[in-house]
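Trainee: If you read the sequence shown in this note's numbering, its first letter stands for residue 3, the second for the next number, and so on. For each residue, glycine too, the CB sits at the ideal point set by N, CA and C.
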Amino acid sequence: MRALLPFLTLFRRHRWLMTLGILLAIITLLASIGLLTLSGWFLSASALAGTAGIYSFNYMLPAAGVRGAAITRTAGRYFERLVSHDATFRVLQHLRVFTFSRLLPLSPAGLERFRQGELLNRLVADVDALDHLYLRVISPMVGALVTITVVTFGLSFLDMSLAFTLGGIMLLTLLLLPPLFWQAGRPAGIALTTLRSDYRQQLISWLHGQAELRIFGASAQWREKLEQTEHSWLEAQRRQAGLSALSQALMLLIAGFTVIAILWLSAGGVGDNHSPGALIALFVFCALAAFEALTPVTGAFQHLGQVAASALRLTQILEQKPEVSFPDQGPARPQSVELHIHNVTFHYPAQPQPALHNLTLDLASGEHIALLGRTGCGKSTLLQLLTRARDPQHGNISLNNIPLSDYDEATLRNVTSVVPQRVHLFSATLRDNLLLARPDAHDELLNTTLERVGLASLLDDDGLNAWLGEGGRQLSGGELRRLAIARALLHDAPLMLLDEPTEGLDAQTEGQILNLLHEVCVNKTLIMVTHRLRGLSAFDRIAVMDEGQIIEQGSHEQLKMINGRYSHFLSQL
Ligand code: ATP
Ligand code: MG
3 MRALLPFLTL
13 FRRHRWLMTL
23 GILLAIITLL
33 ASIGLLTLSG
43 WFLSASALAG
53 TAGIYSFNYM
63 LPAAGVRGAA
73 ITRTAGRYFE
83 RLVSHDATFR
93 VLQHLRVFTF
103 SRLLPLSPAG
113 LERFRQGELL
123 NRLVADVDAL
133 DHLYLRVISP
143 MVGALVTITV
153 VTFGLSFLDM
163 SLAFTLGGIM
173 LLTLLLLPPL
183 FWQAGRPAGI
193 ALTTLRSDYR
203 QQLISWLHGQ
213 AELRIFGASA
223 QWREKLEQTE
233 HSWLEAQRRQ
243 AGLSALSQAL
253 MLLIAGFTVI
263 AILWLSAGGV
273 GDNHSPGALI
283 ALFVFCALAA
293 FEALTPVTGA
303 FQHLGQVAAS
313 ALRLTQILEQ
323 KPEVSFPDQG
333 PARPQSVELH
343 IHNVTFHYPA
353 QPQPALHNLT
363 LDLASGEHIA
373 LLGRTGCGKS
383 TLLQLLTRAR
393 DPQHGNISLN
403 NIPLSDYDEA
413 TLRNVTSVVP
423 QRVHLFSATL
433 RDNLLLARPD
443 AHDELLNTTL
453 ERVGLASLLD
463 DDGLNAWLGE
473 GGRQLSGGEL
483 RRLAIARALL
493 HDAPLMLLDE
503 PTEGLDAQTE
513 GQILNLLHEV
523 CVNKTLIMVT
533 HRLRGLSAFD
543 RIAVMDEGQI
553 IEQGSHEQLK
563 MINGRYSHFL
573 SQL
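#1: According to DSSP, simplified to helix, strand and coil, what is valine 309?
#2: Please report the straight-line C-alpha distance between leucine 40 and valine 68, rounded to a whole angstrom.
#3: What residues come near the ligand ATP, if near means a beta carbon less than 6 Å from any of its heavy atoms?
#4: Near proline 496, what residues of its chain come up, given a Cβ to Cβ distance below 7 Å and the 5 sequence neighbours on each side ignored?
#5: Residues in its own chain within less than 8 Å of proline 405 by CB, not counting five upstream and five downstream?
#6: Do three or more CB pairs link the segment 110 to 126 to the segment 68 to 78 at distances below 8 Å?
#7: Do you know how far the Cα of serine 382 is from the Cα of glutamine 423?
#8: Within 10 angstroms of the Cβ of threonine 377, are there 16 or more other Cβ atoms? Answer buried if so, exposed if not.
#9: Going by C-alpha distance, which of Trp208, Ala127, Asp274, Ser58 is nearest methionine 162?
#10: Please report the straight-line C-alpha distance between histidine 349 and valine 522, rounded to a whole angstrom.
#11: Excluding sequence positions up to five away, which residues of its chain have a Cβ less than 6 Å from the Cβ of valine 139?
#12: Whole angstroms is fine: what's the gap from phenylalanine 59's alpha carbon to glycine 271's?
#13: Distance, Cα to Cα, serine 158 vs leucine 255?
#14: Could you give the first and the last residue of the continuous alpha helix (DSSP H) run that contains histidine 210?
#15: Ignoring anything shorter than 4 residues, give me the alpha helix (DSSP H) runs that lie fully in the segment 96 to 161, in order along the chain.
#16: What distance in whole Å lies between the Cβ atoms of phenylalanine 183 and threonine 317, which are believed to be in contact at a cut-off of 8 Å?
#17: What's the gap between the Cα of glycine 368 and the Cα of glycine 506?
#18: Bridge partners for valine 577 per DSSP, in chain order?
#19: I'd like to know whether the C-beta atoms of isoleucine 56 and valine 144 end up nearer to each other than 7 Å.
#20: Going by beta carbon distance, what residues of the same chain come within less than 6 Å of alanine 5, once the five residues before and after it are set aside?
#21: Could you name the residues that DSSP lists as bridge partners for valine 531?
#22: Taking the straight line between their C-alpha atoms, what separation do you get for glycine 187 and serine 234?
#23: DSSP state of glycine 244, grouped into three classes?
#24: List the residues that DSSP assigns as beta-bridge partners of histidine 396.
#25: Kindly indicate which three-state DSSP category threonine 413 falls into: helix, strand or coil?
#26: Going by beta-carbon coordinates alone, are leucine 492 and arginine 440 separated by less than 7 Å?
#27: When burial is assigned at 16 or more other CB atoms within 10 Å of the CB, is proline 503 buried or exposed?
#28: Measure the C-alpha to C-alpha separation of alanine 490 and glutamate 549 and round it to an integer number of angstroms.
#29: Identify every residue that forms a DSSP beta bridge with aspartate 548.
#30: Below 7 Å between beta carbons: does that hold for alanine 190 and glutamine 242?
#31: Which residue or residues does DSSP assign as beta-bridge partners of aspartate 364?
#32: Hey, could you find the ends of the alpha helix (DSSP H) phenylalanine 44 is sitting in?
#33: To which residues of the same chain is glutamate 114 closer than 8 Å at the C-beta, ignoring the five residues directly before and after it?
#34: Check for me: the alpha helix (DSSP H) holding phenylalanine 287 runs from which residue to which?
#35: CB-CB under 8 Å to leucine 164, same chain, minus the five flanking residues each way: which ones, in chain order?
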């Protein structure tokens, strides 16, 4: 339950709209009770008055009251739905934006802890589940309490003991049943939340991995696992539905017994009146209608377990502290970049060995460095520290002699162009996939950039409007890398960080791309991670990494001379 508290404070912003919704719900409930009570009494009283009462019985006033209550109930329900749904959607919108804004600064290091399907599930389904809180818990609960008070107070003018009997039974029902169903529904609620998330994740993996699963003949096995989860999920839903039915049946039973009790008690007399006549109908119909206010409450509490589980899952995201934070303002954007990486050590969480260990590397402005090393030696990690996807635990990195952490995010992004090792293709047009690197670029520039990286063929059919990614054209590994290079060229920053940009390219295309890169990177500082030994002579310096450290560095010619641990590796240069 405590998990719900932070969300209740978030609701504060919409408190007036929510209060209006609750007020309208109360008006509707009271009108509904008034309608049944008044019409019950009116019909009985007119029947008792008979034709003799045509002149003595006032038919007009109760009839107008019935009509008034009916109109109030209809109008009240309409506006209550309008207002409370508007309030709910506003709260949901606020919650979603709030959760998303907390997610953004976590990216990418903080998000690695969650799987993608899991994150999406928390952002969509768990936020949605919180709408229960206002619509199904707070509003009916307050409504029921006010109704009990008003009904007891109203009836007490006619008969104190009858009023308190009805009010007492209702209050007892309201206080006892919800906690009972909250406890009973909790295990199923928690199971529903986790199983829904598990099912979606497994379904997404199953869909994504179709090709592999088929090739290795593992599809049936995965399908079976998925079906097991689905089965458990359905089972939890069945238990939940069973509880709902039980709560409704119990409520009907209590209402039925109460009505019989009130009928019996009121038949003995109402107040000082020992032959109450139509007043019996008034009490009985009032009891019948008043229980309507209690019906939604037990059901709501039964779902509260699910809501609390969702709230807890959202809190786990919201409580994450961003590992990297940027100042609001930083130094002005430099035209050229000089980098100093001094004694940097970086440990991935829960990894026994540091990925970078006392690494020192200096880059002069306009220098081009090729970074070589065995797989897993920390090359990509180093580039991640330079983009501040993560921060080192020890040592410092400075850009133009100012600590990297002093730069605000916009300036740092503006100064660096990156080709990451894993390129993401957005499911969007070719134009959109390029514009993200430079939103103001016109089509002509996009076309020439694509031609420069040898991707003019992508323009063949629909030009820049060609749809890429899911639901559209897929790119080969080499095409994807060149698209990333095109993005980096468009971004046009003084520091270029390229992680294996020529991976997957044939020798000829690789040569062309390397020439292009050196041509556009004149006066730019360039770090290029590569496993390929071709074309290294064009770099000012070659640095060799091993186990998170720079172990050798020098010009192409110098390195050829070195007979170190890497002679077998460098002899191929
Ligand atoms: P490659 O040449 O294969 O791309 P690399 O030199 O770029 O390798 P890194 O990706 O920097 O290597 O990884 C360095 C070490 O850190 C590896 O041992 C890797 O398993 C580990 N590592 C990388 N990313 C993570 C991560 N997100 N969490 C934990 N460990 C990681
Ligand atoms: Mg790498």
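Mentor: If we stick to the structure as given:
#1: Sequence index remark: in the sequence shown, residue 309 carries index 307 (1-based). In the structure shown, valine 309 falls within a helical segment according to DSSP collapsed to helix, strand and coil.
#2: To locate residue 40, count along the sequence shown from 1; it is residue 38. To locate residue 68, count along the sequence shown from 1; it is residue 66. In a straight line, the C-alpha of leucine 40 is about 6 Å away from that of valine 68.
#3: One residue list follows from the rule of a beta carbon closer than 6 Å to any heavy atom of the ligand ATP, given in chain order as Glu114, Tyr350, Gln353, Ala357, Gly375, Thr377, Gly378, Cys379, Gly380, Lys381, Ser382, Thr383, Gln423.
#4: Start at 1 with the first residue of the sequence shown, and residue 496 comes out as number 494. Only Pro336, Gln337, Ser338, Val339, Val417, Lys526, Thr527 meet the Cβ criterion.
#5: In the sequence shown, residue 405 corresponds to position 403, counting from 1. Around proline 405: Asn398, Ile399.
#6: When Cβ pairs closer than 8 Å are counted between the two stretches, the segment 110 to 126 is seen not to touch the segment 68 to 78, the count staying below three.
#7: For the purposes of this step, residue 423 is identified with residue 421 of the sequence shown, where counting begins at 1. For the purposes of this step, residue 382 is identified with residue 380 of the sequence shown, where counting begins at 1. Between the alpha carbons of glutamine 423 and serine 382 lies a distance of about 7 Å.
#8: By one-based count along the sequence shown, residue 377 stands at place 375. Answer is exposed; the Cβ neighbour count stays below 16.
#9: Numbered from its first residue, the sequence shown carries residue 162 at position 160. The residue with the shortest Cα to Cα distance from methionine 162 is Asp274.
#10: Counting from 1 along the sequence shown, the entry for residue 349 is found at position 347. Counting from 1 along the sequence shown, the entry for residue 522 is found at position 520. Approximately 34 Å between the Cα atoms of the pair.
#11: Counted from its first residue, the sequence shown places residue 139 at position 137. Excluding sequence positions up to five before and after valine 139, its CB lies within less than 6 Å of the CB of Ala302, all in the same chain and listed in chain order.
#12: Start at 1 with the first residue of the sequence shown, and residue 59 comes out as number 57. Start at 1 with the first residue of the sequence shown, and residue 271 comes out as number 269. C-alpha separation (whole angstroms): 22 Å.
#13: By one-based count along the sequence shown, residue 158 stands at place 156. By one-based count along the sequence shown, residue 255 stands at place 253. Each residue's alpha carbon lies about 25 Å from the other.
#14: Translated into the one-based positions of the sequence shown, residue 210 becomes position 208. Where histidine 210 is concerned, the enclosing alpha helix (DSSP H) starts and stops at 162 to 210.
#15: Note on the segment 96 to 161: whole alpha helix (DSSP H) runs with a minimum of 4 residues are 118 to 123, 141 to 158, in chain order.
#16: Translated into the one-based positions of the sequence shown, residue 317 becomes position 315. Translated into the one-based positions of the sequence shown, residue 183 becomes position 181. Incorrect: roughly 24 Å between the Cβ atoms, too far for contact.
#17: Taking the first residue of the sequence shown as 1, we reach residue 368 at position 366. Taking the first residue of the sequence shown as 1, we reach residue 506 at position 504. For glycine 368 and glycine 506, the distance between alpha carbons rounds to 27 Å.
#18: The first residue shown for the chain is 3 and the last is 575, placing residue 577 beyond what the model contains.
#19: Counting from one through the sequence shown, the residue named residue 56 turns up at place 54. Counting from one through the sequence shown, the residue named residue 144 turns up at place 142. Result no, Cβ atoms of isoleucine 56 and valine 144 do not sit closer than 7 Å.
#20: Against the sequence shown, residue 5 aligns to sequence position 3. Contacts found: Ala310, Ala313, Leu314, Thr317.
#21: Counted from its first residue, the sequence shown places residue 531 at position 529. Bridge partners of valine 531: Leu373, Asp501.
#22: Taking the first residue of the sequence shown as position 1, residue 187 is located at position 185. Taking the first residue of the sequence shown as position 1, residue 234 is located at position 232. Answer to the nearest angstrom: the Cα atoms are 16 Å apart.
#23: Position 242 of the sequence shown holds residue 244. In the three-state reduction of the DSSP assignment, glycine 244 falls in the helix class, which pools H, G and I.
#24: On the sequence shown, residue 396 is found 394 positions in, with the first residue counted as 1. Partner(s): Thr347.
#25: Here residue 413 is taken as the residue at index 411 of the sequence shown, counted from 1. The three-state reading of DSSP puts threonine 413 in helix, counting H, G and I together.
#26: In the sequence shown, counting from the first residue as 1, residue 492 sits at position 490. In the sequence shown, counting from the first residue as 1, residue 440 sits at position 438. Annotated as proximal: leucine 492 and arginine 440, with beta-carbon spacing under 7 Å.
#27: Locating residue 503 in the sequence shown gives position 501, where the first residue counts as 1. Buried: at least 16 other Cβ atoms inside 10 Å.
#28: If you number the sequence shown from 1, residue 490 lands on position 488. If you number the sequence shown from 1, residue 549 lands on position 547. Approximately 28 Å between the Cα atoms of the pair.
#29: Residue mapping note: residue 548 aligns to position 546 of the sequence shown, counting from 1. Within the DSSP secondary-structure output, aspartate 548 pairs in a beta bridge with Gln551.
#30: Looking up residue 190 in the sequence shown gives position 188. Looking up residue 242 in the sequence shown gives position 240. Going by C-beta atoms, alanine 190 is nearer than 7 Å to glutamine 242.
#31: Counting from 1 along the sequence shown, the entry for residue 364 is found at position 362. Answer is His342.
#32: One-based indexing of the sequence shown puts residue 44 at position 42. Phenylalanine 44 -> alpha helix (DSSP H) spans 17 to 51.
#33: The sequence position of residue 114 within the sequence shown is 112, counting from 1. Hits under 8 Å: none found.
#34: The sequence position of residue 287 within the sequence shown is 285, counting from 1. Counting along the chain, the alpha helix (DSSP H) containing phenylalanine 287 begins and ends at 280 to 292.
#35: Start at 1 with the first residue of the sequence shown, and residue 164 comes out as number 162. Cβ within range, chain order: Leu157, Ile264, Leu267, Ser268, Val272, Phe285.
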